[in-house]
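See below for the structure under consideration.
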Amino acid sequence: MTCPSRRQVLTLGLLAALALPASAEPLDDLIKAAEMDDGRTVSTLLNQGLNPNAQDARGRTALTVAAREQARAALQALLTSPKLDVDRPNGNNETALMLAAIRGSLPLAQLLVQRGASVNRPGWTPLHYAASGPDNGVATWLLAQGAQVDARSENGTTPLMMAARYGNSDLVPVLLKAGANAALKNEQGLGAADFARLGGRDRLVPELAARAATPDAK
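Per mature numbering (1 follows the signal peptide of the UniProt record, and there is no 0): the sequence shown = residues -24 to -1, 1 to 194.
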């Protein structure tokens, strides 16, 4: 019998490798499908019994990936799973609602809350994240759903502080009108006016400083 040449062996090995599935781990396939907004593949994998709440090696869940990528078809497919924990955080302790909020994706935020996502939670909240991004009405909507306007993160930061430095500056008066307390300070002793100053948003400083001096004034 003629022994196969080295080239034949390599060719056979390459063909065998190409015949393998793209990922040996079904969870990786689910995460990838969520990332690519492939709702059909998400549904197929869930119907095969895959756990929708599982975290990959990077701490990601399919739902948090779908929210981050604004992958509506994938997110909707995940929301149909009765096993889904809609508040299951990723490895950074971020929920899908938080990630939809920081993206300014009101439609996805609404879908998540309709499915039971919590608008309030200990530490960093969806409102903090909405205040840190483009907003697009997410923060106002979260407030209407009962989000705590003066929610404190682990280091005492409030949504108003985040809006003053990082987010859409037009959200600052919205939060103030909703009752945000400009006099609050975080663990570093910084208030909303300090955050605005650090963010180079000097036009916000006078009103925030004045509100901090008279916190009961509305």
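The beta-carbon is built from N, C-alpha and C at its ideal position, and this holds for glycine as well.
Being a predicted model, the structure only gives us computed values, none of them experimental.
- Residues 74, 77 and 78 of the same chain have their beta carbon placed closer than 6 Å to that of residue 105, with the five preceding and five following residues left out of the count.
- One Cα belongs to residue 67, the other to residue 32, and the distance between them is close to 9 Å.
- Within 10 angstroms of the beta-carbon of residue 186 lie fewer than 16 other beta-carbons, which makes it exposed.
- Between the segment 145 to 159 and the segment 117 to 127 there are three or more inter-stretch CB-CB distances shorter than 8 Å, so the stretches are counted as touching.
- Judged by beta-carbon spacing, residue 38 lies beyond the 8 Å limit of residue 88, meaning their Cβ atoms are not closer than that value.
- Within the same chain, Cβ atoms closer than 6 Å to the Cβ of residue 137 are found at 168 and 171, the five residues on either side in sequence being excluded.
- Each residue's CA atom was taken as its position, placing residue 177 and residue 140 some 7 Å apart.
- Within the same chain, and ignoring the five residues on either side of residue 143 in sequence, the residues whose Cβ sits closer than 7 Å to its Cβ are 107, 108, 109 and 111.
- Nearest Cα to residue 65 within the set 117, 44, 53 and 49: 44.
- When 149, 161 and 36 are compared, the shortest CA-CA separation from residue 133 is found for 161.
- From the listed residues 192, 149, 12 and 114, the smallest Cα separation to residue 181 is found for 149.
- In this structure, residue 55 lies near residue 91, with their beta-carbon atoms less than 8 Å apart.
- Between residue 4 and residue 50, the beta carbon gap of about 15 Å keeps them out of contact (Cβ cut-off 8 Å).
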